[in-house]
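Reading through the structure tokens given below for one structure.
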Amino acid sequence: MATPEAPAGPGGRTARRVIPGFGLTLGFTMLYLSLLVLIPLSAVFIRSLGLGVGHFFEVVTAPRVIASLRLSFGAAALAAAINLVFGLVVAWVLVRYAFPLKRFVDAMVDLPFALPTAVAGIALTALYAPNGWIGSRLHALGIEVAFTPLGVVVALTFIGLPFVVRTLQPVLEDLDREAEQAAATLGARPLQTFVRVILPALWPALITGFTLAFARGLGEYGSVIFIAGNMPMKSEIAPLLIVSRLEQYDYAGAASIAVVMLLLSFALMLGINALQHWAVTRHGRR
Amino acid sequence: MPGGGPTGGPRRILLIAVALTFLALFLGLPLLVVFAAGLSKGAAVYAAALRDPMARAAIVLTLEVAAITVPCNVVFGVTAAWAIGKFEFRGKSTLVTLIDLPFAVSPVIAGMTFILLFGAHGWFGAVLKPHHIRVVFALPGIVLATTFVTLPFIARELIPLMQSQGRDDEETALSLGATGWQTFLRVTLPNIRWGLLYGILLCNARAMGEFGAVSVVSGHIRGLTNTIPLHVEILYNEYNYTAAFAVASLLALLGLLTLAAKSVLEWRQPDLKHVARRTVRGLREKPA
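Those protein sequence lines, which keep their order, are chains A and B. Here the working numbering is used: the first residue of the first sequence is 346, the next is one more, and so on. Here the working numbering is used: the first residue of the second sequence is 1339, the next is one more, and so on.
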């Protein structure tokens, strides 16, 4: 091609002209993203506006809606917290210790990413139902998991685990072991070393892992609806309420609940991001 | 453990035991129960569930949806990574965040957006109806919803990869007289092939297994708009548990195959995992 050589400008300016396709690729990226994600999502917001402010608040503050939002947010937070504890143990064991079949175990951590949610849902229900392998034992102790809010927490714990483990793993691998050894040499007990040396370095990653698991849990549908029992006011998650509104052709109602979910989760994410920024700057880790 | 450090013997065994018990309870048993329940009435019943015409229709539809969705997202992923990885422009980090947006949106809301647009009472519903074009409760709606949900998978593998590779190779090829298209096919594509394959694996697994978004737009018409996960749901809700788990075991197998292929890729290309993770983290933390 006989395109004239671009005049040698300062730094990156020339590079932009040497490699072709900027306009085409960026244009296509924006078009695809807009048509498939941005315009459809904006429809949710616009549709909810159709109700008018007064009616919108009436819809989203109905007791059944509030109860479902509370369950969705509460169960997602609790499940993310459980994953924070056990995910840390799993990540720690995978990074620090050698044991048989470690590679297999490491690969299996991604199972919740790879197993379709509906399959996870029916499998967990079969396990935790009163006649299931785990459920029957818990039933004998008087604990009911399937068809209660606890079932929602179990499903969301399954879904969220890899987010915490995969966020912590690389950070644990990079962790400066000399600081730990120094602490031990200076007479710190293992628990002290963990709390004073290791944990502060892990905070940003722990917060990220929690956020990712929480966000995923909030919107989760497939794995939850089988095990939850879906009783209004008790074990009905917000996404399910959206589905039932859609089935009644109450588009504006469904859109309103969706908008509240989206806004609440974005607000929460921003808050958690701010917390993480604070944790990063406070401990001076970049 | 050699070296010892602050982590000694009994603690190590305790922690390994806790981790493995947790994983066995939450990951191992659910996987096991799928196959156990599917095969509980013998191989003949298992095979019959898979040979059922409705199950076959669901398998065909799922393959069709993946065959349309995955290539679309490959084109998108490669183009987005080219624009973001090879050029500097304003609003880049915002664009990266927007590409990740489908991960932050509930699949149910993703499916709903297309009902609001193309449903009977949707914006374009009235326009489509006289022409007998069905989007919702038909293949196009299922494809749209699946594409929405799986849109970030390939792009988010390729963007950090292309960023880390820079543009030296491409600039060399171009200065030696290659055209842009030749440069892409002979230089860029070989450079990103493992990352691309990795992204395709994850995208395909999700496309075939997606439930929430598809459930909202499909209408659950048997033999017509039921994908494999929806077929599992119907069988399960009819108390036909053995058949439900038999069909579900197909999806579980797909998940296991995906995991195995992913592990092999990660094992052969250790950078893949690390480059992707580190760069994404770097990208996220900068604007904060």
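Glycine included, C-beta positions come from ideal geometry on N, C-alpha and C.
The shortest C-alpha to C-alpha distance from tryptophan 1461 of chain B to any of A:Ala436, A:Ser379 and A:Arg392 is the one to A:Arg392.
Annotation: the continuous alpha helix (DSSP H) that includes phenylalanine 611 of chain A extends over 596-627. DSSP places tryptophan 1420 of chain B inside the alpha helix (DSSP H), whose first and last residues are 1391-1424.
When B:Thr1596, B:Leu1477, B:Asn1411 and B:Gln1503 are compared, the shortest CA-CA separation from threonine 1485 of chain B is found for B:Asn1411. Arginine 1505 of chain B carries a coil assignment under DSSP once its states are collapsed to helix, strand and coil. By the neighbour-count criterion, in which a residue is buried when 16 or more other Cβ atoms sit within 10 angstroms of its Cβ, asparagine 476 of chain A is exposed. Around the beta carbon of aspartate 1506 of chain B, fewer than 16 other beta carbons sit within 10 angstroms, so the residue counts as exposed. In chain order, Ile364 make up the part of chain A whose C-beta sits under 7 Å from the C-beta of lysine 1424 of chain B. Among the residues facing chain B, threonine 556 of chain A is not included, as its CB has no counterpart in that chain under 8 Å away. Interface with chain A (8 Å Cβ-Cβ cutoff): tyrosine 1577 of chain B is excluded.
Taking arginine 1349 of chain B as the centre and dropping the five residues before and after it, the same chain places no C-beta closer than 6 Å to its C-beta. Exposed is the label assigned to histidine 1459 of chain B, since fewer than 16 other Cβ atoms lie within 10 Å of its Cβ.
Lysine 1379 of chain B is outside the set of residues whose beta carbon lies under 8 Å from a beta carbon in chain A. Distances from the alpha-carbon of alanine 1590 of chain B to those of B:Pro1368, B:Ala1396, B:Thr1359 and B:Ile1492 put B:Pro1368 closest. Contact residues of the segment 447-470 of chain A toward chain B are Arg448, Phe449, Val450, Asp451, Ala452, Met453, Val454, Asp455, Leu456, Pro457, Phe458, Ala459, Leu460, Pro461, Thr462, Ala463, Val464, Ala465, Gly466, Ile467, Ala468, Leu469 and Thr470 (C-beta to C-beta distance below 9 Å). Closest in alpha carbon position to alanine 603 of chain A, among B:Ala1355, B:Leu1594 and B:Ala1448, is B:Ala1448. The Cβ-Cβ distance between glycine 466 of chain A and glycine 397 of chain A does not fall below 8 Å. For serine 1587 of chain B, the number of other beta carbons within 10 angstroms of its own is at least 16, and it is reported as buried. Boundaries of the alpha helix (DSSP H) harbouring glutamate 592 of chain A: 583-592, taken from the DSSP string.
About 5 Å separates the beta carbon of leucine 469 of chain A from that of isoleucine 572 of chain A, a gap short enough to meet the 8 Å contact definition.
Taking all protein chains shown into account, proline 1567 of chain B has 16 or more neighbouring C-beta atoms within 10 Å of its C-beta and is therefore buried.
Under the 8 Å criterion on CB atoms, histidine 1558 of chain B is classed as non-interfacial with respect to chain A. Interface flag for arginine 392 of chain A against chain B is set, since a Cβ pair is found closer than 8 Å. For the options B:Met1392, B:Glu1402, B:Val1416 and B:Leu1399, the alpha carbon positioned closest to that of phenylalanine 373 of chain A is the one of B:Val1416. Taking 8 Å as the threshold, the shortest C-beta distance from arginine 1505 of chain B to chain A falls below it.
Taking alanine 388 of chain A as reference, the option from A:Ala597, A:Ser589 and A:Leu520 with the minimal CA-CA separation is A:Ala597.
Chain-ordered, the chain B residues with CB closer than 8 Å to the CB of glycine 567 of chain A read Pro1445, Phe1549, Gly1550, Ser1553 and Pro1567. Within the segment 1599-1611 of chain B, those residues whose Cβ lies closer than 9 Å to any Cβ of chain A are, in chain order, Lys1600, Ser1601, Glu1604, Trp1605 and Lys1611.
If you ignore the 5 residues before and after isoleucine 479 of chain A, its C-beta comes within less than 7 Å of the C-beta of Leu472 and Tyr473, all in its own chain and listed in chain order.
Across the set B:Phe1583, B:Pro1391 and B:Gly1537, the C-alpha of B:Gly1537 shows the shortest separation from the C-alpha of phenylalanine 1414 of chain B. Inter-residue distance for leucine 609 of chain A and phenylalanine 402 of chain A is about 14 Å (C-alpha atoms, whole angstroms). Between the alpha carbons of leucine 1401 of chain B and valine 1408 of chain B lies a distance of about 10 Å. For valine 450 of chain A, the enclosing alpha helix (DSSP H) stretches over residues 447-453.
Across the segment 576-598 of chain A, CB contacts with chain B closer than 7 Å involve Pro584, Ile587, Val588, Leu591, Tyr594 and Tyr596, in sequence order along the chain.
Residues of the segment 1438-1472 of chain B whose Cβ lies closer than 9 Å to any Cβ of chain A, in chain order: Leu1439, Pro1440, Phe1441, Ala1442, Val1443, Ser1444, Pro1445, Val1446, Ile1447, Ala1448, Gly1449, Met1450, Thr1451, Phe1452, Ile1453, Leu1454, Leu1455, Gly1457, Ala1458, His1459, Gly1460 and Trp1461. Here glycine 1504 of chain B is not near alanine 1543 of chain B, since their CB atoms are 8 Å or more apart.
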